[in-house]
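S.K.:
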Amino acid sequence: MEESEVRPLLEMRGISKVFPGVQALSDMTLSVMPGEIHGLVGKNGAGKSTLMAVLMGLIQPDSGTMVIDGRQFTAMTPAQALEAGVAYVPQRINLMTSLTVAENILAGQMPTDRFGFVRWDEAFKDAAERLEKLGLKLDVYQRVEGLSVAEQTLLAISKALFSNARLIILDEPTAALPRPDINRLFGFVRSLKDRGVAFIYISHHLEEVFEICDNVTVLRNGRLVGTYPINEIDTAGLIRAMVGEDVEEYQRKKTDGRVGEPVLELKNMVRRGHYEDVNLTVRKGEVVGIAGLEGCGASALAKSLFGLDRRGLGEVTIKGKPYTATNPSEALAQGLAYLPQDRYLYGLVGGRPVRENITYTVLDRLCALFGFVRLNKEREIVAQYIEKLGIVTPSQEQAAALLSGGNQQKVVFAKLAATKPDVLVLHEPTQGIDVHAKTDIYQIVSELSEDGIAILIISSEVRELLGVCDRILVMYQGKIHQEFRVGDPNTTPQNILLAIEGANTCSETAVSPNLSLIG
Amino acid sequence: MFRDGRLTQLVLDRLIWFVLLLVVIFFSLRTDNFLSGINLINILLHASVLGILTIGQAIVLLSGNFDLSQEGTISLLTVLAAWMMLPYREMTLAQAGGVGWELHPFIVIPIMLVLGALIGLINGLLITRLQMNNFIVTLAMQLILRGAAFVISMGAIMPGTPALFNWLGGGRIGPIPVSVIATLIVFLVFAYILSNTRFGRQLYAVGSNRQAAAASGFNPAKTITTAYVIGGLMAALASWMLLGRLEVSNPTLGVGMTLETVAASVIGGVALTGGTGTIWGAFSGVLLLSVINNGLNLMEVDPFWVNGVRGLIILLALLIEAQKVRIKVRTVQTTVADKKAAAS
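One line per chain: the protein sequences are U and R, in this order. FYI, the numbering for the first sequence is 29 to 547, going by our numbering. FYI, the numbering for the second sequence is 15 to 358, going by our numbering.
#1: At least one CB of chain U closer than 7 angstroms to the CB of Thr211/R: is that the case?
#2: Just grab the DSSP bridge partners of Asn243/U for me.
#3: When you compare only the Cα positions, how much space is there between Cys497/U and Ala112/U?
#4: Among Tyr413/U, Val315/U, Gly363/U, Glu304/U, whose alpha-carbon lies nearest the alpha-carbon of Tyr470/U?
#5: Is Thr352/U helix, strand or coil by DSSP?
#6: From the beta carbon of Asn223/R, is the nearest beta carbon of chain U less than 7 angstroms away?
#7: Under the rule that 16 or more other beta-carbon atoms within 10 Å means buried, what is Asn121/R, buried or exposed?
#8: How many angstroms separate the CA atom of Glu150/U from the CA atom of Gln88/U?
#9: Taking the alpha-carbon of Asn210/R as reference, which of Glu384/U, Ser54/U, Ile43/U has the nearest alpha-carbon?
#10: Note down the Cα distance separating Val25/R from Gly51/R, rounded to an integer number of angstroms.
#11: Under a CB-based cut-off of 7 angstroms, is Arg215/R close to chain U?
#12: In the DSSP output, what is Gly308/U paired with across the bridge?
#13: Have a look at Arg103/R and Ala162/R and give me their C-alpha separation to the nearest angstrom.
#14: I'd like the list of long-range same chain contacts for Val60/U, defined as Cβ closer than 7 angstroms, with 5 residues on each side in sequence excluded.
#15: What residues in the region 339-363 of chain U have a beta carbon less than 7 angstroms from any beta carbon of chain R?
#16: According to DSSP, Ser59/U sits in a beta bridge with which residue or residues?
#17: Distance, Cα to Cα, Gly317/U vs Ala429/U?
#18: Measure the beta-carbon distance from Ser77/R to Gly288/R and round it to whole angstroms, keeping in mind my assumption that it falls under 8 angstroms.
#19: Please classify Phe179/R: does DSSP put it in a helix, a strand, or coil?
#20: If you follow the alpha helix (DSSP H) that Ala81/U is in, where does it begin and where does it stop?
#21: Residue range of the alpha helix (DSSP H) that Lys236/R falls in?
#22: Is His60/R helix, strand or coil by DSSP?
#23: Just the chain R side, please: which residues come within less than 7 angstroms of Phe400/U by C-beta, in chain order?
#24: May I ask you to list the residues that DSSP assigns as paired with Lys45/U?
#25: Of the residues Ala296/R, Trp319/R, Met255/R, which one's Cα is nearest the Cα of Asn307/R?
#26: Considering only their Cβ atoms, is the gap separating Asn435/U from Val420/U smaller than 7 angstroms?
#27: Are there 16 or more other CB atoms within 10 angstroms of the CB of Phe32/R, so buried, or fewer, so exposed?
#28: Using the beta-carbon count (16 or more within 10 Å), is Gln145/R buried or exposed?
#29: Using the rule of at least 16 other Cβ atoms within 10 Å of the residue's Cβ for burial, across every protein chain shown, is Ser230/R buried or exposed?
#30: When burial is assigned at 16 or more other CB atoms within 10 Å of the CB, is Tyr206/R buried or exposed?
#31: What's the gap between the Cα of Asn296/U and the Cα of Leu452/U?
#32: Does the beta-carbon distance from Ala115/U to Ala188/U come in below 7 angstroms?
#33: Please name the residues in the region 266-292 of chain R whose beta-carbon is closer than 8 angstroms to at least one beta-carbon of chain U, in chain order.
#34: Can you name, in chain order, every residue of its own chain whose Cβ lies under 6 angstroms from the Cβ of Gly272/U, other than the five neighbours on each side?
#35: Would you mind telling me which residues of chain U sit closer than 9 angstroms to Phe233/R, beta carbon to beta carbon, in chain order?
#36: Taking the alpha-carbon of Gln279/U as reference, which of Gly375/U, Val473/U, Gly92/U, Ser332/U has the nearest alpha-carbon?
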């Protein structure tokens with residue numbers, strides 16, 4: 029790559045894109061050489077996905093140019109992007125899972141005889157030869173659904189190459205992989221790199237970026253922070269570049285140790301392959317955050333607690349009483365409410381009125397004899413929550429799907445708060461919500477906590493956690509890796525992000541009393 | 015701008031009633047006696063059995079499932095009721111009597127209702143507990159039930175059901191048939207149940223978004239099973255009504271009615287994907303189908319053509335429904351865009 033006569037395979041210059049209300053990309057620059065593995069990192073919402081969507085022709089930029097292998101584009105269609113040799117391998121691989129490896133490789137160009145019947149012998153032989161040329165050992169007779177996730181990723185990459193891809197975008201390819209599979213994937217990627225194939229490698233796992241990439245580009249708020257040769261930067265430097273000096277976020281009034289008795293206590297929670305040795309306590313009026321990468325176990329823990337998934341072993345108590353719920357209905361009855369990450373799928377019944385959505389969780393209490401809903405009482409409760417949480421809706425009868433994202437989320441909050449829970453578990457509460465509404469949501473969290481509810485927030489937004497929580501736990505590979513007390517000098521976004529990546533940043537600090545209590 | 019969107023939606027939601035009005039005007043202009051009292055009562059009579067069945071079908075559709083077994087239930091329960099009530103008689107010319115128990119209608123009617131509910135319960139449990147496909151389960155159930163009806167009756171018709179039993183299907187209060195009044199009452203009851211009870215809420219929630227319903231603490235399996243039990247009960251009620259009107263059982267009774275109930279529901283705006291639609295919508299669908307049937311008869315349209323015309327009408331209804339969704343989405347989008355523009 030050092031030779032200056034080699035021209036870049038990809039050059040994106042001055043790419044800008046405005047979405048309604050958001051400058052998604054501004055003056056973004058990216059250059060990738062043939063045979064280069066180029067890391068692309070940034071926080072959620074930094075603009076990585078938008079930039080890649082532009083490169084794949086899914087989004088037309090407002091300005092800027094792209095040069096791919098000498099051909100210049102100002103905007104592309106997806107077909108042009110493919111034709112220019114750009115391929116995208118998503119985190120969740122989409123292959124035809126019920127067909128064989130060979131059929132997936134040859135899709136659409138199966139060898140046939142003159143009557144149009146497939147010549148299977150030839151097809152399997154052809155597919156096997158193609159794989160061999162890439163040095164990939166896969167059984168061509170195997171159905172894709174029988175392959176491991178890693179093998180599916182390898183197959184997806186190979187498939188892209190067979191359609192003449194020269195630049196492959198790998199989006200979080202290792203999120204669901206155990207280490208030996210990661211090694212196999214990296215081995216394959218390196219062998220292709222030696223043949224001149226270029227990769228854009230998107231990942232939140234920075235150690236992997238250091239392991240495999242030649243250069244790394246950092247984005248923040250849709251802008252280029254910088255492109256660095258990998259041996260000229262370290263993890264701390266990368267995190268500093270990703271975090272930057274952002275504007276102050278919402279700050280909740282912290283509890284200053286005036287927290288009450290323990291409400292939610294988890295002891296030795298274990299579910300194989302998801303989390304282990306999880307011990308934590310959330311006290312009355314306390315807000316505790318959990319930060320971690322995808323697959324760190326936090327999300328599995330939350331779903332299991334609410335009974336959406338099996339819980340495994342371990343002891344859970346709420347206000348000292350054993351918590352035994354195995355489904356959401358029991359969970360709500362025993363005082364634990366959960367705000368799901370995907371509010372469209374799990375939070376709301378979009379086609380139904382706001383009024384009905386808010387009272388789903390408390391219907392039993394609203395029902396008279398034979399299950400007739402006391403409508404006056406219902407409207408009264410709904411009006412109360414619409415006012416308390418500041419839900420903007422033309423009426424109680426408006427279909428929930430027609431509200432803005434922030435107001436939809438408030439409806440979900442109302443639905444949970446109506447159960448008067450002891451514990452509220454929030455999973456990415458501000459995902460897909462605009463900045464103004466975010467502050468409202470934080471305000472709601474703050475008020476609910478003042479009502480005495482113990483709150484546990486799982487979020488990938490570190491600044492959000494710093495603004496709202498009293499304590500932040502970092503989970504890494506299924507375990508609680510480190511605890512940060514908000515207000516300690518050690519508790520900085522940089523340190524938390526380092527811990528999220530698996531580093532230990534509390535070596536000198538004294539172990540806080542709370543940590544010893546739960547450890 | 016917002017008001018415009020609402021107006022469009024208001025009209026769209028009641029479109030079917032406008033269509034019904036147009037069809038009624040059309041038939042009353044083209045035929046002499048469409049608007050006569052006798053004919054209107056005929057229409058309502060046809061609408062009553064279909065209406066009761068459609069209530070059951072619509073409720074199952076709202077839960078996001080199909081009930082194809084209803085017409086099988088009609089076959090079996092009408093045959094069974096006659097078989098239990100009528101005196102024994104040797105079969106002659108494909109006519110037969112009952113088994114000889116000569117049970118009183120007040121015993122037979124509860125048995126019918128319980129059996130109908132039981133069939134629904136079995137459907138529901140197979141679908142929710144054993145996770146079998148609702149389409150196939152209820153289709154197989156239809157075949158089993160009709161098969162049983164043929165076995166019990168040996169294919170014979172059983173005429174002469176008792177007057178007490180026939181009151182619901184054939185009786186009149188003044189000029190108004192009892193079945194028409196009963197059907198209206200059942201519609202009122204279920205319209206109220208769906209909008210004002212816990213079951214109604216759960217039904218719509220489960221039908222529109224099963225995961226969210228479960229995450230709200232509902233039990234989707236229970237709700238769906240209940241929907242099937244209601245479907246079975248309505249089929250039993252329709253059996254009683256139909257047998258009472260005809261006064262003769264026949265194992266082929268009910269053939270083709272499943273399609274009519276689904277068509278009536280869909281025409282009335284009940285979505286096949288579940289969670290969308292109302293009982294009154296289904297009612298309008300029933301009226302429209304009945305009016306069209308009757309009108310085509312009066313116009314002496316060749317019966318061979320009638321099915322084709324009905325098929326066309328169902329297609330048209332689906333077409334309108336699909337457009338409705340698109341128009342609605344567009345109104346919402348412009349409304350949201352307007353709001354955003356107003357905010358900035």
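For every residue, glycine included, the Cβ atom is placed at its ideal position computed from N, Cα and C.
M.R.: So, from the data block:
#1: Indexing the second sequence from 1 puts residue 211/R at position 197. So, interface residue.
#2: Here residue 243/U is taken as the residue at index 215 of the first sequence, counted from 1. Paired residue(s): His66/U, Pro257/U.
#3: Within the first sequence, residue 497/U is the residue found at index 469, counting from 1. Within the first sequence, residue 112/U is the residue found at index 84, counting from 1. One C-alpha to the other measures close to 48 angstroms.
#4: Here residue 470/U refers to the residue found at position 442 of the first sequence. Selected option, being the one with the closest Cα: Val315/U.
#5: Along the first sequence, one-based indexing puts residue 352/U at 324. Correct three-state label for Thr352/U: coil.
#6: Position 209 of the second sequence, counting from 1, holds the residue named residue 223/R. Cβ-Cβ to chain U under 7 angstroms: yes for Asn223/R.
#7: In the second sequence, the residue the question calls residue 121/R occupies position 107. For the record, residue 121/R in the displayed sequence is Ile; it is not Asn. In summary, Ile121/R is exposed, with fewer than 16 beta-carbon neighbours lying within 10 Å of its beta-carbon over all protein chains present.
#8: If you number the first sequence from 1, residue 150/U lands on position 122. If you number the first sequence from 1, residue 88/U lands on position 60. Distance between the alpha carbons of Glu150/U and Gln88/U is about 42 angstroms.
#9: For this step, residue 210/R is matched to residue 196 along the second sequence. For the residues Glu384/U, Ser54/U, Ile43/U, the minimum Cα distance to Asn210/R belongs to Glu384/U.
#10: One-based indexing of the second sequence puts residue 25/R at position 11. One-based indexing of the second sequence puts residue 51/R at position 37. Rounded to the nearest angstrom, the two C-alpha atoms are 30 angstroms apart.
#11: Start at 1 with the first residue of the second sequence, and residue 215/R comes out as number 201. Chain U, which has a Cβ nearer than 7 angstroms to the Cβ of Arg215/R, makes this yes.
#12: Position 280 of the first sequence, counted from the start, is the residue given in the question as residue 308/U. Residue identity check: residue 308/U is Leu in the sequence provided, not Gly. Its beta-bridge partners are Leu294/U.
#13: By one-based count along the second sequence, residue 103/R stands at place 89. By one-based count along the second sequence, residue 162/R stands at place 148. Distance between the alpha carbons of Arg103/R and Ala162/R is about 20 angstroms.
#14: As a first step, residue 60/U is located in the first sequence; it is residue number 32 there, counting from the start. The residues are Pro36, Leu37, Leu38, His66, Leu195, Ala226, Ile228.
#15: Pro356, Ser357, Leu360
#16: As a working mapping, residue 59/U is identified with position 31 in the first sequence. Paired residue(s): Glu39/U.
#17: Mapped onto the first sequence, residue 317/U falls at position 289. Mapped onto the first sequence, residue 429/U falls at position 401. The straight-line gap from Cα to Cα measures roughly 29 angstroms.
#18: Looking up residue 77/R in the second sequence gives position 63. Looking up residue 288/R in the second sequence gives position 274. For a cut-off of 8 angstroms, the C-beta gap from Ser77/R to Gly288/R is around 6 angstroms, short enough to register as a contact.
#19: As a working note, residue 179/R is residue 165 in the second sequence. If DSSP states are grouped into helix, strand and coil, Phe179/R belongs with the helices.
#20: The count along the first sequence starts at 1 and reaches residue 81/U at position 53. Per DSSP, the unbroken alpha helix (DSSP H) holding Ala81/U starts and ends at 76-83.
#21: Translated into positions along the second sequence, residue 236/R becomes position 222. Residues 234-260.
#22: Residue numbering aside, residue 60/R sits at position 46 when the second sequence is read from its first letter. Helix.
#23: The count along the first sequence starts at 1 and reaches residue 400/U at position 372. Per Cβ cutoff of 7 angstroms: Asn210, Thr211.
#24: Locating residue 45/U in the first sequence gives position 17, where the first residue counts as 1. BP columns for Lys45/U point to Leu53/U.
#25: Walking along the second sequence from the start, residue 307/R turns up at place 293. Nearest option by C-alpha distance: Trp319/R.
#26: Here the question's residue 420/U lines up with position 392 in the first sequence. Here the question's residue 435/U lines up with position 407 in the first sequence. Yes, the Cβ-Cβ distance between Val420/U and Asn435/U is below 7 angstroms.
#27: Start at 1 with the first residue of the second sequence, and residue 32/R comes out as number 18. Phe32/R comes out exposed.
#28: What you label residue 145/R is simply residue 131 of the second sequence in a count that begins at 1. The residue in question, Gln145/R, is exposed, as its Cβ has fewer than 16 Cβ neighbours within 10 Å.
#29: Counting from one through the second sequence, the residue named residue 230/R turns up at place 216. Flag for Ser230/R reads buried.
#30: In the second sequence, counting from the first residue as 1, residue 206/R sits at position 192. Exposed, since its Cβ has fewer than 16 Cβ neighbours within 10 Å.
#31: If you number the first sequence from 1, residue 296/U lands on position 268. If you number the first sequence from 1, residue 452/U lands on position 424. Rounded to the nearest angstrom, the two C-alpha atoms are 20 angstroms apart.
#32: In the first sequence, residue 115/U corresponds to position 87, counting from 1. In the first sequence, residue 188/U corresponds to position 160, counting from 1. It is a contact, given that the beta carbons lie within the stated cut-off.
#33: Cβ contacts with chain U come from Gly289, Thr290.
#34: On the first sequence, position 244 is the one that residue 272/U refers to. For Gly272/U, where only same-chain residues beyond five positions count, the Cβ hits under 6 angstroms are Arg248.
#35: One-based indexing of the second sequence puts residue 233/R at position 219. Contrary to the premise, residue 233/R reads as Asn rather than Phe in this sequence. Ordered by position in chain U, the residues that pass the 9 angstroms Cβ test against Asn233/R are Asn355, Ser357.
#36: For the purposes of this step, residue 279/U is identified with residue 251 of the first sequence, where counting begins at 1. Distance check between Gln279/U and each of Gly375/U, Val473/U, Gly92/U, Ser332/U places Val473/U closest, using alpha-carbon atoms only.
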